[in-house]
Each structure stands twice: as C-alpha cells, then as structure tokens.
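Engineer: End of the sequence shown = 564 in the UniProt record's numbering, gap-free, step of one.
Beta carbons are placed, not taken as given, at the ideal position from N, Cα and C, and that holds for glycine.
Keep in mind that this is a model prediction, so the values were computed, not measured.
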Amino acid sequence: KRGKDWWRTSTVYQVYPKSFNDTTGSGTGDIKGLTEKLDYIRGLGIDIVWLQPVYISPQNDNGYDVADYTSIDPVYGTMEDFDELVFQLKRRDMHLMIDIVVNHSSTEHRWFKEARSSKDNPYRDYYIWKDPAEDGGPPNNWQSKFGGPAWQYDEGTGQYFLTLFDKTQADLNWENQKVRQEVMDILTFWAEKGVDGFRMDVINLISKDHRFPDDDGSTSPGDGRKFYTDGPKVHEYIKEMNQKVFRPYNLVTVGEMSSTTLEHCIRYSRPEENEFSMTFSFHHLKVDYPNGQKWELKPYDFEELKRILSYWQIGMQEGGGWNALFWNNHDQPRALSRFTDDTRYRQESAKLLATTLHGLQGTPYVYQGEEIGLPDPKWNSMDEFRDIESRNMYDILLQKGKSPEEAEHIIQVRSRDNSRLPMPWENQEQAGFTKGTPWIKVDERYRDINARLAVEDPESIYHHYRKLIELRKSLPVLTDGAYIRLDEGHPQIYAYARRNAGEMLVVISNFSDQEISFRLPESLKASGYAFENAKLLIGNVKEAPRLDVIVRLAPYGSF
Ligand code: TEU
C-alpha cells in the first residue's frame, strides 16, 4: 500500500454497475463490463474506483437493499469476476472501494426472514420492532426518506418494523452487539478479498434514539430525522469499525452523511479521531430546494452555493477534517443541467464545473458520465422512470394536489434516474452499452456524446479532467493550500485562491452566459497558477503570467 493518507492526492471514479457496461446482453451492466473499461478509467489518471453494490439483492433500490452481504448477484457476475476485477485493478496500480450498506438490509435477507418469523427468534433484535400506537397505527410519526411512514406493519407478529428508506429496507439494530459483530465480519471478508476501501451508505443514521419519540415538528423538517441523524452512539460505532478493520487493513474510507453538520464531519474525518478518511455532505446540493424541500422547485441560489462551499472548505480546514468533493452521484440530477448551461455551453460548462471543484481541498469524485459532459436526459413519460423514490414521490405529489403535469415535471427535474441512464460508449445501437434491451432507456444523444469521441478529442471534457487529476498529483497547493474566497458576492463569478508558503493557485469561474470582466481584489497581488480555460498554465511562480487585476472570462469560462 502507499504511504499514509495517500488518498489525499487521489481522485475517485464512481461506477453505478447497473448502468456502466453490459457484456452478457442482459440489459444490466456487470462486473466484467467494468473490468473491460479499466483502461478508459485509468486514462483519466484515476487511482480509486468506487464500485456500487453488486451483492445479492431484489433490486428494489438498485442494490442498496442487500439480501446477502458476502455474495455477488448473478446479474452482475460471479465472485471469480470480482477477483479478476481486483487483480486487473492492482495490475494498473489502481484501488477498489466497495459500497457497504449496513444501516439497513433487504427484507429478503435471511436475518430478516428469521426475525419476522417469531418474536423470540434469535434474529428478532437484529432489527427494530415496536408495538402499534394506541390507535393501532405506527409507533411514532417518523417519515421515510422515500415518502410515507417510516414503519411497516408485520401481520405475523403484530408489530411494526423501522424502514427509513424503502419499505423493503429494514433498519438494522446497531444497539445489538451481534449486529455489530456481523458487520465486522462482513468488512473483514471484503478486506481479506483485497479491497482497498469502503464507501459507507448513510452511515450517520445507524444510532437511533431508542425512546423513538414523536417529532413535534418544532424544527424543520419534522420527519423524525433529528432522532437518528448523527445519533448518540454513531462515533462509538464508527471507531469500533476503524479499530477492528479500517486501520488493521490500512483502508481508505468515506462516510455518506445524510443531513449532517460540519462539526460532526470534522469528528468523522479528523485523523486523530480514528473514524473515516473523509465524508460526503450534501448541503451544497440543496441550494435549489425551497426551504429545504426536495420536491418543490426554485432556481438555485448561487450565493448560497458559494457560501456553503466556502463554509465547508474553511471549516474542515480549520477542524482538520477531509472533504469528499463532488457535484454528481447516482442520487442527484446532473450538475451540468442543474447549475450551468447543458445545451448552448455544454462543453464550457462541464469544464467549468470540473475546474471549480478540483481546485478545492479534498478528494474529488468523478461520477460516471460526468467526465464526458452527460446532461440530464429528456423524459417523455412517467413509465420511463425506474427509481423507487421517484415513483413513490409521484403518487405523493398527486395526493398533495399537484396536477399530473406538475408532478411529472417535478419528478423529471429531481429524479435520481437523471444520473442513472446507461453510459454511452459508442455511436452505435444502445450506445454500445448492451446488445440486449437496457433496464432503463439510453439517452439518444449518444451519437455526439460518447466515451469514444471524448478520448479521441484532445480538447474534450475527458482530457480536461485528466489534466486536473494529474495536477492534483503534481501541485501540493491543491492538497494543503489555505482556501481564500475572492469573489466578494459577485452575481456571476465564483473566485477563490489556494495558498501555501511557496505557491498560489487562483480559480475563477463564470457561472453565466455573459462575457464578464472581473477585478481581483487589490489585496491579492495574484501571482501564481491560472487555469486558462481548458489549457492549464503550469510554470513556476516566477514564469507564470501575473494575473493582471482585471481578468476577462468567456461565458461559462473558468481558469
Ligand atoms: O442515499 C441516501 C440519501 O441520502 C439519498 O438517497 C437521499 O436521502 C434520497 O435521495 C432522499 O432525498 C443512500 C444511497 O446513495 C441511495 O442510493 C439509497 O437509495 C439510500 O442510501 C438507501 O440505501
């Protein structure tokens, strides 16, 4: 393994296997399909691949409903395929991070089948069961993150069980030491298989307030999350995993933190705390949620976006934490469509988002398709959607009185399926993703947006990412430079500097379709590295062109 904290100069490529590359004609991507494309990923300079769940699962939540934690679902291939993937990654000096989903299991898991069979079954306390309330309804008023109540009634034993997500995703009871031991065994199994790291799904939800009180709605959103988010024992549980598995195997780990705080993320990711290497937080991806409501629409608040990014940069630096940097993932619509112009200025916008993110402190994540500038698809009807959350929310929006057209429009803008269409490889049938019928439609723009064109065009978004990823390896100020915001609330410009003893990097991004002249604050006699649009000016401080006080930025231009 590499030196301590080697991952601070790495970039992670996130693979949603279901939509990456299908080698069997099943219409679903598979592990062999990923192995086949490792040189494409390596070509970016990536050294960590995050593979999302490929375990046995009924696929109600595309694998985040795990029915056997130490298996490979046949639709994705075999354990031998997995071993070959590990081997082929190591040959390329690449590392594998796999997804661990242990806040909940599928109700198809044998543990749950045992638990639901009787109240005194030894597995009963692997999950969270409660008697009905006085009125026979759910034990409290907590709401599922996918809509509806967070409790499901089990006829067989006359009790409810907790499901913070889909009704087929039963929350595990981490108070039960046997559950924690099962998790240690699962982590050890995969560490022994040679994986180099874990991404831990909604890991800050595992410690619940076991009084299970009603949420009185006194604080937004009033859905009960304050009784299980960053809960009383969460740091204790994470330290146990670190001490028993992460440290002994020298693993790189990232915690997905749902609705968390800066203070907790500092504790989750400060090396001295011995918890995670880094954390995902989502506040910057809620600046287009009116009053934090995901299922209402408003144009995004640019100043709020810059404020939050700056708050987390400065806060985590001062606190000694470490950010996972991302615009995109499988749960979010494409940032290219959400924050910039994915049509008239698609290339410029994709490069702008890449430069803006990769100049920050943290470990950047590239979600499949982001590196070739994939936009949100054009949707034609509700039956094109597959995501359980989107389908649930459509019905809920109608119940709330939205017209079918309004509800469908909201789903089209917000659906997680926006980022789950198959990866376009070629200008050919089904974009070269499958020889069969894809599980979800292929975006018809594959003719001019596909991986082959991207690799062949030296001016492509793909090669812009490659340069940024390489720069992170060769420019220490990207890793340790202090973050200084420069744009002073400019309506279209986001500008910041990174500075250490010897170097300074200035990143200026024009989030508008206007040509903008921007004056760097006099205080900053900027001398250092400037990203001149897609070309990167690299020299030493003496040779680098002094940024004159006025810089001119093209529409969606950045440097
Ligand atoms: O995501 C949890 C999460 O934060 C989002 O799903 C978000 O809560 C949801 O979109 C409501 O806004 C993780 C996985 O990334 C996601 O794919 C799974 O569906 C979820 O956990 C349950 O495992």
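Quick one: what's got a C-beta closer than 6 Å to A72's C-beta in the same chain, skipping five residues either side?
Structural biologist: I61, S62, S111, E113, H114
Engineer: Measure the beta-carbon distance from D346 to D518 and round it to whole angstroms, keeping in mind my assumption that it falls under 8 Å.
Structural biologist: 6 Å
Engineer: What's the C-alpha gap between N397 and F151?
Structural biologist: 7 Å
Engineer: Under three-state DSSP, which class holds E464?
Structural biologist: E464 sits in coil when the DSSP states are folded into three classes, being neither helix nor strand.
Engineer: Three or more C-beta pairs under 8 Å: does that hold for the segment 8–28 against the segment 366–383?
Structural biologist: With the cut-off at 8 Å, the segment 8–28 and the segment 366–383 touch.
Engineer: From the DSSP output, read off the bridge partner residues of M102.
Structural biologist: W55, G202
Engineer: Tell me which residue opens and which closes the beta strand (DSSP E) that Q322 is part of.
Structural biologist: Q322 -> not in any beta strand (DSSP E); alpha helix (DSSP H) instead, spanning 307–324.
Engineer: Looking only at C-alpha atoms, which of G326, T40, P304 sits nearest to F281?
Structural biologist: G326
Engineer: If I measure Cβ to Cβ from M189 and keep anything under 8 Å in the same chain, skipping five residues before and after, which residues do I get?
Structural biologist: E245, M246, K249, V250
Engineer: Is DSSP giving S424 helix, strand or coil here?
Structural biologist: DSSP places S424 in helix when its eight states are reduced to three.
Engineer: Please check the pair Q417 and W384, which I expect to be a contact at CB under 8 Å, by giving their CB distance rounded to whole angstroms.
Structural biologist: 5 Å
Engineer: Taking 6 Å as the limit between beta carbons, can you name the residues of its chain near H269, skipping five residues before and five after?
Structural biologist: D235
Engineer: Can you name the start and end residues of the beta strand (DSSP E) that G142 belongs to?
Structural biologist: Here G142 belongs to no beta strand (DSSP E), and DSSP marks it neither H nor E.
Engineer: In terms of residues, what are the limits of the alpha helix (DSSP H) holding E245?
Structural biologist: 239–246
Engineer: If you drop the 5 nearest sequence neighbours on each side, which residues of the same chain put their C-beta closer than 6 Å to that of Q93?
Structural biologist: T40, L43
Engineer: What does the alpha-carbon distance come out to for the pair K231 and M102?
Structural biologist: Using only the alpha carbons, I get a separation of about 30 Å.
Engineer: Report the residue from K291, D485, R425, F516 whose alpha carbon sits nearest the alpha carbon of L357.
Structural biologist: F516
Engineer: Please report the distance separating the alpha-carbon of T361 from that of N145.
Structural biologist: 43 Å
Engineer: If we ignore side chains and look at the alpha-carbon of each, how far apart do N423 and R450 end up?
Structural biologist: 14 Å
Engineer: Residues in the same chain with beta-carbon distance under 7 Å from F390, minus the five sequence neighbours each way, listed in chain order, please.
Structural biologist: Setting aside the 5 residues that flank it on each side, F390 is surrounded in the same chain by R396, I416, S420, D422, each with a C-beta closer than 7 Å to its C-beta; the list follows chain order.
Engineer: Report the option in I46, A500, W156 whose CA atom is closest to the CA atom of M99.
Structural biologist: I46
Engineer: Can you tell me the Cβ-Cβ gap for T266 and Y273, rounded? I've got them flagged as a contact below 8 Å.
Structural biologist: The pair is not a contact, with the Cβ atoms about 10 Å apart (cut-off 8 Å).
Engineer: Can you tell me whether Y451 is helix, strand or coil according to DSSP?
Structural biologist: Y451 carries a helical assignment under DSSP once its states are collapsed to helix, strand and coil.
Engineer: Do R504 and ligand 1 come close, with the Cβ less than 7 Å from some heavy atom?
Structural biologist: no
Engineer: Rounded C-beta distance between D176 and D104? I'm assuming under 8 Å.
Structural biologist: Not confirmed; about 17 Å, so no contact.
Engineer: Does the distance from the CB of R425 to the CB of S31 come in under 8 Å?
Structural biologist: no
Engineer: Which residue or residues does DSSP assign as beta-bridge partners of S522?
Structural biologist: DSSP lists R557 as partners of S522.
Engineer: Which value, in whole angstroms, describes the spacing of the CA atoms of A340 and R204?
Structural biologist: 21 Å
Engineer: How long is the line joining the alpha carbons of V447 and Q433, rounded to whole angstroms?
Structural biologist: 11 Å
Engineer: Cβ of G486 less than 8 Å from any chain C Cβ?
Structural biologist: No chain C appears in this structure, which consists of one protein chain only.
Engineer: Threshold first: 3 residues or longer. Then list the beta strand (DSSP E) segments lying entirely within the segment 22–87, N to C.
Structural biologist: 53–56
Engineer: Check for me: the beta strand (DSSP E) holding A175 runs from which residue to which?
Structural biologist: 174–176
Engineer: For G406, count neighbouring Cβ atoms within 10 angstroms of its own Cβ and tell me buried if that reaches 16, exposed if not.
Structural biologist: exposed
Engineer: Closest by CA to P526, which one among D381, R490, P560?
Structural biologist: R490
Engineer: Work out the CA separation of W430 and N108 for me, nearest whole Å.
Structural biologist: 34 Å
Engineer: Identify whether R129 lies in helix, strand or coil by the three-state DSSP scheme.
Structural biologist: helix
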